[in-house]
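In mature numbering (1 follows the signal peptide of the UniProt record, and there is no 0), the protein residues as written are -21 to -1, 1 to 310.
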């Protein structure tokens, strides 16, 4: 019995030391923009997008950033960005007008490839499964979520059939991660219902998830896709310290969901797969790590961030938030 207790104690100590080794370092802050768009291409190149028309790029792993406020779009709120290199990136603006813009010269010039002044159009998120193919989704119009597809790298966009929505159901333009099309085609929603809307063979399926919901400020905010598991995080952004029912996980590709045993520190707006069974989540209530695929979460940082993303080709993990704050996850 004594040896068993010693072994358990050793495992707990090793797990605690592993978590303590994971922390977030602030790279820069102080710019007058709220960042919600983040795309990490590799260990050197990453792009961010934010309010007041602000864009930034790093080519040295986040050590330095080149900022710009896109001329003529100083009032645009670029809630999501998808980047493919140091030269090519696509940005999406929420609000009116709805905008999708693209650069192929590192941000020197931006071309408007989609614009819609209809106030019912509110874009929430964008995701690509290749440099040519991607989707943008938005809040429901006439009972269906807005969904647009590109097959030519964002040069043109075509309306396609989105999933059905109940009254007041919506997705959140919080981190660009309520839509995922890599490994799963899914949309996380909130409001009166917290649900995962998945598509297969052009058919949509609605799966309820056990995340706080019922009010317009509550629901599922972000999906993260691992090797063998999915996680969803969210909560209530108006009561960001509320911890119960802020995370759940699935080990069967989203067919069934279980609430986490221990939850993140409160409302979480973004989540990302890191490696093995490790996921990172972040929000105004701080940042959290799970090392067991979403079952248990431990807070590693008090600072507020809006989004966290890992490199598509590499292991760099960055975070971004209000007042131009950018951080990096360290192991």
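Heads up, the beta-carbon is just placed ideally off N, CA and C, and yes, glycines get one too.
- Task: Using 10 angstroms around the beta-carbon of residue 5, count the other beta-carbons present and answer buried if the total reaches 16, otherwise exposed.
- Result: In the chain shown, residue 5 corresponds to position 26, counting from 1. Per the 10 Å Cβ criterion, exposed.
Legend entry - residue 74, DSSP secondary structure in three states: The residue given as residue 74 occupies position 95 in the chain shown. Coil, per DSSP.
Backbone secondary structure at residue -1 - three-state DSSP = Residue -1 sits at position 21 when you count from the first residue of the chain shown. It is helical.
Among 136, 78 and 69, which residue has its Cα nearest to the Cα of residue 51?
Translated into positions along the chain shown, residue 51 becomes position 72. Among 136, 78 and 69, the Cα nearest to that of residue 51 is on 78.
Quick one, which of 27, 91, 93 and 98 has its alpha-carbon nearest residue 63's? Here residue 63 refers to the residue found at position 84 when the chain shown is read from its first residue. Per the Cα distances, 27.
inquiry  = Tell me the residue span of the beta strand (DSSP E) that contains residue 199.
reply    = Reading the chain shown from its first residue, position 220 is the one you call residue 199. Segment 197 to 204, the beta strand (DSSP E) holding residue 199.
Which partner residues of residue 46 appear in the DSSP bridge assignment? Start at 1 with the first residue of the chain shown, and residue 46 comes out as number 67. Looking at the DSSP assignment, residue 46 forms a beta bridge with 35.
Next on the checklist: I believe residue 308 touches residue 3 by the beta-carbon criterion, under 8 Å. Please report the beta-carbon distance rounded to the nearest angstrom.
Outcome noted: As a position in the chain shown, residue 308 is number 329, starting the count at 1. As a position in the chain shown, residue 3 is number 24, starting the count at 1. Indeed they touch by this definition, with Cβ atoms about 6 Å apart.
_Closest to residue 189 by C-alpha separation, out of 144, 236 and 165, would be which residue?_
The residue you call residue 189 lines up with position 210 of the chain shown. Checked all of 144, 236 and 165; the closest Cα to residue 189 is 236.
Judging by CA-CA distance, which residue of 310, 34, 127 and 191 is the nearest neighbour of residue 106? For the purposes of this step, residue 106 is identified with residue 127 of the chain shown, where counting begins at 1. Among 310, 34, 127 and 191, the Cα nearest to that of residue 106 belongs to 127.
- Range of the contiguous beta strand (DSSP E) that encloses residue 253: In the chain shown, counting from the first residue as 1, residue 253 sits at position 274. Note, residue 253: beta strand (DSSP E), 249 to 254.
Check: Buried or exposed: where does residue 234 fall if 16 or more other Cβ atoms within 10 Å of its Cβ makes it buried?
Finding: Working through the chain shown from its first residue, we reach residue 234 at position 255. Per the 10 Å Cβ criterion, exposed.
Is any heavy atom in the ligand GTP found nearer than 8 Å to the beta carbon of residue 212? The ligand GTP is absent from the structure shown, which contains no ligand whatsoever.
Using beta-carbon positions only, say whether residue 167 and residue 202 come within less than 9 Å of one another.
Reading the chain shown from its first residue, position 188 is the one you call residue 167. Reading the chain shown from its first residue, position 223 is the one you call residue 202. Yes.
Measuring CB to CB, does residue 314 end up less than 9 Å from residue 239?
In the structure displayed, the chain extends from -21 to 310; residue 314 sits before or after that span and is not available.
Note to self: Within 10 Å of its beta-carbon, does residue 384 have 16 or more other beta-carbons around it, so buried, or fewer, so exposed?
What the structure shows: The chain is shown from -21 up to 310; residue 384 falls before or after that span and cannot be answered.
Under 9 Å between C-beta atoms of residue 48 and residue 305:
The count along the chain shown starts at 1 and reaches residue 48 at position 69. The count along the chain shown starts at 1 and reaches residue 305 at position 326. No, they are not a contact pair.
Requested in this report: Using 10 angstroms around the beta-carbon of residue 193, count the other beta-carbons present and answer buried if the total reaches 16, otherwise exposed.
Outcome: Here residue 193 refers to the residue found at position 214 when the chain shown is read from its first residue. Exposed is the call here.
Problem - 8 Å contact criterion, which residue 60 and residue 69 should meet: CB distance rounded - result: Locating residue 60 in the chain shown gives position 81, where the first residue counts as 1. Locating residue 69 in the chain shown gives position 90, where the first residue counts as 1. With a Cβ gap of about 7 Å, residue 60 and residue 69 count as contacting.
| When the Cα of residue 298 is compared with those of 116, 97, 155 and 98, which residue comes out closest? | For the purposes of this step, residue 298 is taken as residue 319 along the chain shown, with counting starting at 1. Measuring from the Cα of residue 298, the nearest candidate turns out to be 155.
- Task: Would you list the one or two residues that DSSP bridges to residue 123?
- Result: In the chain shown, residue 123 corresponds to position 144, counting from 1. Per DSSP, 120 and 143.
Assign residue 223 to one of three DSSP states: helix, strand, or coil.
Residue mapping note: residue 223 aligns to position 244 of the chain shown, counting from 1. In the structure shown, residue 223 sits in coil (DSSP, three-state: anything other than H, G, I, E or B).
Reduced DSSP category for residue 232 - H, G, I as helix; E, B as strand; rest coil | Your numbering for residue 232 matches position 253 in the chain shown. Here residue 232 sits in coil by DSSP.
Subject >> Cβ neighbour criterion (16 or more within 10 Å) applied to residue 191 >> reply: Here residue 191 refers to the residue found at position 212 when the chain shown is read from its first residue. Buried: at least 16 other Cβ atoms inside 10 Å.
What would DSSP say about residue -7, mapped onto helix, strand or coil? The count along the chain shown starts at 1 and reaches residue -7 at position 15. Annotation note: pLDDT 49 at residue -7 (below 50); position unreliable, coordinate value reported separately. Helix, per DSSP.
Worksheet item: What is the residue span of the beta strand (DSSP E) that residue 25 lies within?
Response: Along the chain shown, one-based indexing puts residue 25 at 46. Segment 25 to 29, the beta strand (DSSP E) holding residue 25.
Q) Can you tell which of 165, 171 and 170 has the C-alpha that lies nearest to the C-alpha of residue 180? A) Counting from one through the chain shown, the residue named residue 180 turns up at place 201. Among 165, 171 and 170, the Cα nearest to that of residue 180 is on 165.
Notebook entry, point to check: Applying the criterion that 16 or more other CB atoms from any shown protein chain within 10 Å of the CB defines a buried residue, is residue 182 buried or exposed?
Noted result: Here residue 182 refers to the residue found at position 203 when the chain shown is read from its first residue. Exposed is the call here.
Q: Would you kindly check if the distance between the Cβ of residue 280 and the Cβ of residue 263 is under 9 Å?
A: As a working mapping, residue 263 is identified with position 284 in the chain shown. As a working mapping, residue 280 is identified with position 301 in the chain shown. Not a contact, by the Cβ cut-off of 9 Å.
**Q.** Status (buried if at least 16 other CB within 10 Å, exposed otherwise) for residue 53
**A.** In the chain shown, the residue the question calls residue 53 occupies position 74. Exposed.
(message) Between which two residues does the beta strand (DSSP E) holding residue 187 run?
(response) The count along the chain shown starts at 1 and reaches residue 187 at position 208. According to the DSSP assignment, residue 187 belongs to the beta strand (DSSP E) that extends over 182 to 187.
Practice problem: Kindly say whether residue 178, judged by its beta-carbon, lies nearer than 9 Å to any beta-carbon of chain D. | Solution: In the displayed structure, chain D is absent; only one protein chain is listed.
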